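**Q**
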């Protein structure tokens, strides 16, 4: 049972990690805590559903169109709403993203109605591989692979490409970055686009594993936040580690301690973690200087 | 002379006027041509799928109005969205009584929501027919103006456990439920049966409504070695637990409550895992040849073709039928009291739901029957029993 | 004149006689409001809705002490609200306390938990604090859900209270709630004007500078959480009784978000702001759901839904409008409704110019 708990913990942790990554990418550059992340992923998944189910578009094309939609949505939100805020506070930004979350939630409910659906997906969520007695379903296996690959790509991107370096520069000092000739506004839009795409991947995987309906991202989003805090909101590897760790801890707690209180574990962990090491596991702690 | 006449005429008109207004206002929500009724149901938020019930009632109202109403009165139906938030439900109940002035509340989705309105409606003597949940709250204590339709979850679970144990011979039974009033009353019934027959419930696993990762829950169920698992959960929870169980190769006999009897929906969202499920039903099957069902399906095509003909949707008809039967029996002289009296004469009324009886019983629990069906691999349902009485 | 000559003028409750007169007029208005509502159903209001608004206003005022004046964030106020509600009901139900004792006790239980939450909050800032408080709120409601002592997930029915032998109706609750709301509003105004309030504001503007000036951060930050939770707790107790039935499921994250939205929409850092915010948001929340019944717009929306969207989801328009209001207020009037009021006032004061 122990091994099985770890395996399924890692699988669900991979989804949390993807969401945490999406949030961390935004938080790193623009210090916005994006509460609309889950709903942005959800609406992208609904677009994918419409393409795959109603219009019978082949999967790769549907995926491409969905990504395009995710990018457009994110850039739209960044340009039309967030950028217009006059010297926004942390709270103001949170409220804007919360408001956008409600708008998206309402829109999906209006367009697609409240019924649950199944997202057609090329990987079966029932069939499983068996390694040394441990069962891992195909979808979970591919979720792990996809998230690892995505994380690697993102890591390399931020490390070695010119654009990635520009993004990091913008995060460290916006003014200096602009002086150096980086178009910071453009960078912000780009950050949002990447984040939205990562979110869309997470949304599709979560829907493929379970059920597609408007509230599907509520719980994973909160877990994604918890993972981000656990690993450190400014660290990409931190988000990945945090997600995996959270998934495993949750499952072990559910398996051996109490299944009833499993849903609280994530939050207890964040409160504890924040008390002990507020910056998270893998992020450096900065003290503000006056 | 002329003047005197005028006074007389004036007096006459005045008394008429008084009489007219008095008779018009004697019963709240009932005029010579109209009866106002209302219902709340979540149309937004996470509980929105249940809101289909409230829209289903709308179909029945439209159909009745199309046939000329009942005793010359047509119905005006007010559907309000409470997003499953009790504070809003109570506001809606007050709006119904104080501002719109409805004659009755029909249906009403949710326990937590309905409970905030129950005492208020009863204090104001508002008839309430067929709350959309099968819990004890509606009949304990007995409310004079509240007539429950939905068979009790507790009894349903009790009977289903008996069916699995006695008819199908399962010894090791486990339970999966969602942690709310609905799930809890399901557990109550299962445990009651097992206690009576001195069998151990091998595992009892619960999840929150919002939980989206049920892998540990499935693993626990598998490790318990259960042969049959009864689940009392919402469609999403059911799809998730079935998926997770299938992944780890756990294939017991599943059985579930009537709230999940929409096998077309379930078949789709479980990607075919729903096949083989034993379900109890509180209403005719969607494609049934029951004459009333045929009529309702025609009405559906005519008035609400954009709606999906699912169980939740036409459940709105099932819960409302007894109410309208009461109005029919009360005759032209419809008052709250005459409606209650009429309801109390109903015996074995057969709509598309369970046979409803209020006559000669002490409580106000009308529906006491379910039937069982087994889902075929293609999603259609094989009816394996007739209506069974579940409340002793 | 806005010049203050001594300290006592600064801490006075009413800055001028004009404000005093307006306050008294407002109180008179509150006293006779139920009569108008019952007679004319102004704006489709019922006394119950006004009660709900007042309860939300109490929470919002309390939350504003934390968010608007001390500069902290709480996304877990539904947790404190729930604690207050359950404490009050259990005290009255199980140990038959009178309401006037149960309410303050509920407030103090909440504020004890607020104090506990305040401790980790000492080290946290901005988004981290938002997540920590969010987690705290979720934890409280989940624990309530799982404990049979609180009626478990089934919820608790609040006992019917009596006033001089007759059962209390909405109208009686109205006066009880209004008295409490007015007292708590005055309390908040007073608090902000004293040493404590100035310490809060100093922390908001710069906690490091405040510490350097001798403000004890530990003490004042936890105090802000405790005071804010106290308000939520008392409001929760009232909420339980006007609703008659409480269930842990209703105190979810969306409720915390709504409280926060009330404060931000109303106006951060003022006392009148949250009251306006609570009024507007509660009213919209209850009334927007019947959007398809509004004449002219309604039928148009129905046709639109039938053609392009789904008719089953038409009520979701209310959610969209609600979300848009939140966004637009932050974008165009960062000080909320109160900011709008200040601008209007200034415009008229300096009118011809």
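Chains as they are written, first to last, in the working numbering: chain A, 1 to 290; chain B, 1 to 392; chain C, 1 to 353. Beta carbons are placed, not taken as given, at the ideal position from N, Cα and C, and that holds for glycine. Every value quoted in this text rests on a predicted model; they were computed, and no experiment measured them.
Could I get the ranges of all uninterrupted alpha helix (DSSP H) runs contained in the stretch 146-224 of chain B, with 4 residues as the minimum, in chain order?
**A** You should have 153-162, 181-196 and 215-223.
**Q** To the nearest angstrom, how far is it from the Cα of residue 113(C) to the Cα of residue 226(C)?
**A** Cα-Cα distance, rounded: 7 Å.
**Q** Based on Cα-Cα distance, which residue from 29(B), 41(B), 34(B) and 57(B) lies nearest to residue 319(B)?
**A** Residue 57(B) is the option with its Cα nearest to residue 319(B).
**Q** In chain order, which alpha helix (DSSP H) runs of at least 4 residues are fully inside the stretch 59-125 of chain C?
**A** Segments of the alpha helix (DSSP H) lying fully in the stretch 59-125 of chain C: 77-95 and 99-121.
**Q** Which partner residues does residue 394(B) have in the DSSP bridge list?
**A** The structure shown has nothing for residue 394(B), since chain B only spans 1 to 392.
**Q** Would you mind working out which of 64(C), 196(C), 164(C) and 71(C) sits nearest residue 205(C), comparing C-alpha positions?
**A** Measuring from the Cα of residue 205(C), the nearest candidate turns out to be 71(C).
**Q** Check this for me: beta carbons of residue 17(A) and residue 266(A), under 8 Å apart or not?
**A** No.
**Q** State the Cα-Cα distance for the pair residue 329(C) and residue 185(C), rounded to the nearest angstrom.
**A** So the two alpha carbons sit approximately 24 Å from each other.
**Q** Tell me which same chain residues have a C-beta within less than 8 Å of the C-beta of residue 154(A), skipping the five on either side of it?
**A** The residues are 21, 25, 194, 198 and 236.
**Q** Thinking C-beta only, is residue 206(B) closer than 8 Å to residue 186(B)?
**A** Not in contact: residue 186(B) and residue 206(B) (Cβ atoms no closer than 8 Å).
**Q** In this structure, how does DSSP classify residue 137(B) when only helix, strand and coil are distinguished?
**A** Residue 137(B) falls in the helix class under three-state DSSP.
**Q** So is residue 16(C) buried or exposed if we call it buried at 16+ other beta carbons inside 10 Å?
**A** The residue in question, residue 16(C), is exposed, as its Cβ has fewer than 16 Cβ neighbours within 10 Å.
**Q** What are the boundary residues of the beta strand (DSSP E) that includes residue 256(B)?
**A** From DSSP, the beta strand (DSSP E) with residue 256(B) extends over 253-256.
**Q** For residue 334(B), which of 122(B), 63(B) and 72(B) has the nearest alpha-carbon?
**A** Taking only the C-alpha atoms, the option nearest residue 334(B) is 72(B).
**Q** Between residue 278(B) and residue 374(B), which are expected to be in contact by the criterion C-beta below 8 Å, what is the C-beta distance as a whole number of angstroms?
**A** So it is a contact: roughly 5 Å between Cβ atoms.
**Q** Could you check whether residue 62(C) and residue 241(C) sit closer than 8 Å to each other, using their CB atoms as the reference points?
**A** Cβ distance not < 8 Å, so residue 241(C) and residue 62(C) don't count as in contact.
**Q** Hey, out of 294(B), 328(B) and 263(B), whose CA is closest to residue 311(B)'s CA?
**A** Answer by Cα proximity: 263(B).
**Q** If you pair each beta-carbon of the stretch 121-135 of chain A with each one of the stretch 211-221 of chain A, do three or more pairs fall below 8 Å?
**A** No, because fewer than three Cβ pairs between the stretch 121-135 of chain A and the stretch 211-221 of chain A fall closer than 8 Å, the two stretches do not touch.
**Q** Could you check the C-alpha separation between residue 218(C) and residue 245(C) for me, to the nearest Å?
**A** Approximately 38 Å between the Cα atoms of the pair.
**Q** Distance check for residue 75(C) and residue 82(A), CA to CA, integer angstroms please.
**A** Going from the Cα of residue 82(A) to the Cα of residue 75(C) covers about 21 Å.
**Q** First and last residue of the beta strand (DSSP E) that includes residue 50(B)?
**A** Residue 50(B) -> no beta strand (DSSP E), and no H or E assigned at all.
**Q** Are there 16 or more other CB atoms within 10 angstroms of the CB of residue 86(A), so buried, or fewer, so exposed?
**A** Exposed, because fewer than 16 other Cβ atoms sit within 10 Å of the Cβ of residue 86(A).
**Q** Mapping the DSSP letters down to three states, classify residue 30(B) as helix, strand or coil.
**A** Here residue 30(B) sits in strand by DSSP.
**Q** Mind listing, in chain order, the continuous alpha helix (DSSP H) runs of no fewer than 4 residues lying wholly within the stretch 182-237 of chain A?
**A** Counting only runs of 4 or more, we get 184-209 and 218-231.
**Q** Give, in chain order, every unbroken run of the alpha helix (DSSP H) that is at least 4 residues long and sits entirely within the stretch 163-229 of chain C.
**A** With a minimum length of 4 residues, the continuous alpha helix (DSSP H) runs that stay inside the stretch 163-229 of chain C are 170-193, 195-205 and 207-212.
**Q** Which full runs of the beta strand (DSSP E) of 3+ residues lie inside the stretch 256-342 of chain B, going along the chain?
**A** The stretch 256-342 of chain B contains these whole beta strand (DSSP E) runs: 278-281.
**Q** Residue 343(C) and residue 261(A): beta carbons closer than 8 Å?
**A** No, the pair does not count as a contact, with Cβ atoms beyond the cut-off.
**Q** By DSSP, does residue 426(B) sit in helix, in strand, or in coil?
**A** Coverage of chain B is limited to positions 1 through 392, which leaves residue 426(B) absent and any answer about it impossible.
**Q** With DSSP as the reference, label residue 23(B) as helix, strand or coil.
**A** Bear in mind that the predicted position of residue 23(B) carries a pLDDT of just 46, short of 50, making it unreliable; the figure below should be weighed with that in mind. In this structure, residue 23(B) counts as helix in the three-state DSSP scheme.
**Q** Within the continuous alpha helix (DSSP H) that includes residue 113(B), where are the two ends?
**A** Element bounds for residue 113(B): 111-123.
**Q** Taking the continuous beta strand (DSSP E) assigned at residue 400(B), which residues delimit it?
**A** It is not possible to answer for residue 400(B), since the shown part of chain B is limited to 1 through 392.
**Q** Let me make sure I understand the geometry here. Which of 258(A), 252(A), 277(A) and 257(A) has the alpha-carbon closest to that of residue 2(A)?
**A** Of the candidates 258(A), 252(A), 277(A) and 257(A), the one whose C-alpha sits nearest the C-alpha of residue 2(A) is 252(A).
**Q** In chain order, which beta strand (DSSP E) runs of at least 3 residues are fully inside the stretch 109-161 of chain A?
**A** If we require 3 residues or more, the beta strand (DSSP E) runs fully inside the stretch 109-161 of chain A come out as 128-131 and 134-137.
**Q** At a CB-CB cut-off below 7 Å, which residues of chain B make contact with residue 41(C)?
**A** Per Cβ cutoff of 7 Å: 99.
**Q** Give the single residue among 272(A), 279(A), 280(A) and 109(A) whose Cα lies nearest to the Cα of residue 119(C).
**A** Answer by Cα proximity: 272(A).
**Q** Hey, residue 112(B) and residue 249(C): beta-carbon distance below 8 Å or not?
**A** Result yes, Cβ atoms of residue 112(B) and residue 249(C) sit closer than 8 Å.
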